[in-house]
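Student: Below is one structure. I have some questions about it.
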Amino acid sequence: MTADAKPLSGLRVLVPRGGTWGDLVATALREQGANTVIAPLVDFAHTSEEDRLVEALKRLEAGYYDWITATSATVADVLAHHNAVIPPDTKLAAVGEATIQAFASAGYQVSRTPTEENHTTAGLLEVWPEIDEGKVLRVLTLRSDVARPVLTSGLIDRGHDVTQVVAFRTIGVPVSAHTREDVESGRINALLVASPRIGREVATQFPHLPADTIVACVGPHTHEEAVAAGLRHHPDHGNSVAKRALIRTVESAIDQSDMLD
């Protein structure tokens, strides 16, 4: 297939997150013919529960927990920032391709992941035999301040001893003046909206998008939240070939768990 024949040829796409997530998504988009600009609209800040986090990590290193869970690649960064060591007897359960890759790159061994067919937090609960064997497990769940505690709730419902800690906060980041100019002029002609928080940032930072700019929201919840925040989609793009191809490409590279803030 020639470059001109690829489904995303002609698109210059703003990728709104950096790190492992941004690299995976940008690579997938370029393989389909797009040009990409990685310009994070969100970043991650220290938790408001720092004392609880430090105490939980001390207990982790002491071998108190049977399992630790993560649904965001940023959790690996948090552990590295605190020089946290996961003991050999404590196992790690993770969801999301970017999350798993980030932990592997940081030298942590992942013991349990969902299947490819249902790579979600709910899917992890279905293929985690240890949580249904009748033994009460001590589990540390680390997440962002805006992520839904699906794993935490599922483990508590099964009777396990769960310590849940907000490990980091998701905050908005203003893009550079150059990037803003490229969006407003249409030189960047496609925006990827991969979470509700990113949708709010796009609506706030780019209130006057050119009419032909494609805004691709991944997932119905993200779309609803972005529209509620004031983000407007051009009606001609509602079901366009380019927009569908953009969303399919992102979903093929990153599963829904990695779309969380």
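With this note's numbering applied, the sequence shown corresponds to residues 24 to 284, in that order. Don't be surprised by glycine CBs; every beta carbon is placed ideally from N, CA and C. The structure presented is a predicted model; accordingly, all values stated were derived computationally and were not measured.
Relative to the alpha-carbon of serine 128, which residue among Arg82, Val98, Val159 and Glu204 has its alpha-carbon at the smallest distance?
Tutor: Val98
Student: Just reading off the beta strand (DSSP E) that aspartate 112 is part of, what are its end residues?
Tutor: For aspartate 112, there is no enclosing beta strand (DSSP E), as DSSP marks it with neither H nor E.
Student: Starting from serine 32, follow its DSSP beta bridges and name the residues at the other end.
Tutor: Serine 32 pairs with nothing; no bridge assigned.
Student: Which class does aspartate 66 belong to by DSSP, given the choice of helix, strand or coil?
Tutor: strand
Student: Measuring alpha carbon to alpha carbon, tell me which residue in Ala125, Val241 and Tyr131 is nearest leucine 115.
Tutor: Tyr131
Student: Ordered along the chain, which non-local residues of its own chain (more than five positions away) have a Cβ less than 7 Å from that of glycine 177?
Tutor: Leu148
Student: Nearest by alpha-carbon distance to proline 15: which of Asn212, Leu64, Arg255 and Gly222 is it?
Tutor: A question about residue 15 goes unanswered here, because the residues of the chain that appear run from 24 up to 284.
Student: Are leucine 269 and alanine 249 touching if we call contact CB-CB under 9 Å?
Tutor: no
Student: Per DSSP, what are the beta-bridge partners of glycine 195 in this structure?
Tutor: According to DSSP, glycine 195 bridges with Val65.
Student: Taking just the CA atoms, how far does valine 185 sit from valine 273?
Tutor: 33 Å
Student: Threonine 202 lies in the alpha helix (DSSP H); which residues open and close that run?
Tutor: 200-208
Student: Using DSSP with H/G/I as helix, E/B as strand and the rest coil, what is glutamine 187?
Tutor: Annotated three-state conformation of glutamine 187 is strand, per DSSP.
Student: Is it the case that the stretch 68-88 contacts the stretch 44-59, given that we only count it when at least three CB pairs across the two stretches are under 8 Å?
Tutor: no
Student: Just how far apart, CA to CA, sit threonine 175 and valine 241?
Tutor: 24 Å
Student: Please report the residue range of the beta strand (DSSP E) in which alanine 239 lies.
Tutor: 237-240
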